[in-house]
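Working notes, beginning with the structure itself.
Protein chains: 2
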Amino acid sequence: MVCIFAYHANMSEKSAASSGLRERKKKATRAALTEAAVRLAAEQGAEKVTVEAISAAAGVSVRTFFNYFESRDDVFVMTDAESGARVRRKLLDAPPGLTPLEALRDALTAELAEAEQQHELWLLHAEVLRAAPHLLVRLLGAHLADETELAEAIAERIRPGGARPGPTAPAASDEDRRKELDLYPRLLAAVAVTALRVSAEHWCARPEERVFRDVFREVFALLAAGLPAPPA
Amino acid sequence: MVCIFAYHANMSEKSAASSGLRERKKKATRAALTEAAVRLAAEQGAEKVTVEAISAAAGVSVRTFFNYFESRDDVFVMTDAESGARVRRKLLDAPPGLTPLEALRDALTAELAEAEQQHELWLLHAEVLRAAPHLLVRLLGAHLADETELAEAIAERIRPGGARPGPTAPAASDEDRRKELDLYPRLLAAVAVTALRVSAEHWCARPEERVFRDVFREVFALLAAGLPAPPA
DNA sequence: GCAGATTTTGCATGGTGTGCATATTTGCAT
DNA sequence: ATGCAAATATGCACACCATGCAAAATCTGC
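Okay, structure coming up:
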């Protein structure tokens, strides 16, 4: 039950194509489990779905399920382990003329475009999460796990090379890395993740009214303007 | 396992002094359970603490534990059920000259001052949560539950009486209430909660450097300025 | 005190999660 | 192909989590 923050350790260990079949089979099993879980949850409600049912639907044993997911709830999170890394890469590669907030907005926009490919399952997933706030919290937790790394990328973009005012002791452990982070990168990362969530929630509540990108851009415009009171 | 979002239903039902001893005893039992849980967790790590141990330390049966908390993890959240209501009240009572962001900042500041009273246990709690990110996520979930209500209060402050542009169909259910909310109040509420969290995390990482209120005010200043890139 | 409501408790039951030993599958070199 | 080493899947045992139910203990108002 160490949990949430380590459940893609499997893939990241030697991720890059350590060997074809093994890697592919693991990805397939993992995908089968998540898809089975989401489809079952869409039918009968997330709380009614047991690990046994999911495992059976995916054609593996219950024990194998727990080899892939630390807990039952984790299977409903469905986070792409490499998504965070892509966003950070895009952030660092963005034109230097952009403000941090703009660069972050564009990086997230690009990532969202890629996520649109699994459209159908994604929507089903959203439906499940709406009915089970409990699981939505887990998803937030997954995003939270990426937050510190995103903050580090932001800090790197602002001050390439890592030069920072103040004491520059060499930081090794995770704990130390968190302490070394400035307030601004942490805040920007956290606010960006929040902005993404609010955009998603608001758009999900009225999907027909506007396309998602418009909501997303309005949110970032509000942030850039300092969250002014809207005109009466 | 319905969870997280309802675990203070007990007290809010008839909260206001339905009868002296009963109410006091319930509060005492609940407090004893949370305090026992936090102290045990501080000693041996949150994951090692069983419900049985907590119940024993608090002098009640295991079954009684589950009368107070929907799940084992909930005991570590330690959220004051009335805190959200106080913040909303303060927000609505704030001087009309303040911007929404300023009013929210002051309301939260005032609430934090009250929370300082349980200083010692609060710090112990922070220590436990740092070692168990899993539980920190639960706390975020608790805050998330307050978020929608906070957003409603913000909307009310902006437009007293609830007059909003667009279709004004009477909204009854919770689902409908969420749909009716504008983007701005939702965003402001979410960002404020996030700002609070980041402030707390940053301060906890370097408690000796600055007092908490200073960190908190800097965060809100950054938000009001539109999150500009910090000076090199 | 007493009747009625509330709370606590023990017990039974089923789902969740982990360690360990074993069987199977895969990668690789021969 | 064949055999060996590493990784993976599985079954089983066991502890913990969580809930429903009925009986006992406690509190409230009279």
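Those protein sequences? They're chains V and X, same order as listed.
For reference, each letter of the first sequence is one residue, going 12 to 243 in this note's numbering.
For reference, each letter of the second sequence is one residue, going 12 to 243 in this note's numbering.
Quick reminder that beta carbons are idealized off the backbone N, C-alpha and C, glycines included.
Any chain V beta carbon closer than 9 Å to residue i
i, result
"residue 106 (chain X)", "no"
"residue 110 (chain X)", "yes"
"residue 130 (chain X)", "no"
"residue 164 (chain X)", "no"
"residue 152 (chain X)", "yes"
"residue 197 (chain X)", "yes"
"residue 226 (chain X)", "yes"
"residue 233 (chain X)", "yes"
"residue 204 (chain X)", "yes"
"residue 209 (chain X)", "yes"
"residue 140 (chain X)", "no"
"residue 219 (chain X)", "no"
Cβ distance (whole Å) where residue i is taken to contact residue j below 8 Å
i, j, result
"residue 112 (chain X)", "residue 227 (chain X)", "Actually they do not touch by this definition, with Cβ atoms about 13 Å apart."
"residue 43 (chain X)", "residue 69 (chain X)", "4 Å"
"residue 71 (chain V)", "residue 62 (chain V)", "The pair is not a contact, with the Cβ atoms about 11 Å apart (cut-off 8 Å)."
Short CB-CB distance (under 9 Å) between residue i and chain X
i, result
"residue 117 (chain V)", "no"
"residue 236 (chain V)", "yes"
"residue 155 (chain V)", "yes"
"residue 92 (chain V)", "no"
"residue 229 (chain V)", "yes"
"residue 53 (chain V)", "no"
"residue 65 (chain V)", "no"
"residue 147 (chain V)", "yes"
"residue 86 (chain V)", "no"
"residue 62 (chain V)", "no"
C-alpha distance - residue i paired with residue j, whole-angstrom precision
i, j, result
"residue 51 (chain V)", "residue 129 (chain V)", "18 Å"
"residue 108 (chain V)", "residue 34 (chain V)", "40 Å"
"residue 98 (chain V)", "residue 203 (chain X)", "24 Å"
"residue 229 (chain V)", "residue 208 (chain V)", "13 Å"
"residue 45 (chain V)", "residue 87 (chain V)", "7 Å"
"residue 105 (chain X)", "residue 206 (chain V)", "26 Å"
"residue 60 (chain X)", "residue 81 (chain V)", "19 Å"
"residue 77 (chain V)", "residue 220 (chain X)", "43 Å"
"residue 114 (chain X)", "residue 120 (chain X)", "10 Å"
"residue 131 (chain X)", "residue 172 (chain V)", "39 Å"
"residue 218 (chain V)", "residue 233 (chain V)", "20 Å"
"residue 66 (chain V)", "residue 67 (chain X)", "37 Å"
C-beta atoms of residue i and residue j nearer than 9 Å
i, j, result
"residue 56 (chain X)", "residue 142 (chain X)", "yes"
"residue 194 (chain V)", "residue 213 (chain X)", "yes"
"residue 235 (chain X)", "residue 238 (chain V)", "yes"
"residue 123 (chain X)", "residue 223 (chain X)", "yes"
"residue 197 (chain X)", "residue 158 (chain X)", "yes"
"residue 89 (chain V)", "residue 150 (chain V)", "yes"
"residue 102 (chain X)", "residue 153 (chain X)", "no"
"residue 54 (chain V)", "residue 95 (chain V)", "no"
"residue 146 (chain V)", "residue 84 (chain V)", "yes"
"residue 140 (chain X)", "residue 166 (chain X)", "no"
"residue 216 (chain V)", "residue 169 (chain X)", "no"
"residue 116 (chain X)", "residue 79 (chain X)", "no"
"residue 148 (chain X)", "residue 148 (chain V)", "yes"
"residue 126 (chain X)", "residue 162 (chain X)", "no"
**Request:** Please specify which runs of the alpha helix (DSSP H), each continuous and at least 4 residues long, are wholly inside the stretch 206 to 235 of chain V, giving them in chain order.
**Result:** 223 to 235
**Message:** For a minimum of 4 consecutive residues, which ranges assigned as the alpha helix (DSSP H) are wholly contained in the stretch 106 to 163 of chain V?
**Reply:** 111 to 126, 130 to 142
**Prompt:** What are the uninterrupted segments assigned as alpha helix (DSSP H) that are 4 or more residues long and contained completely in the stretch 69 to 102 of chain X, given in chain order?
**Reply:** 73 to 79
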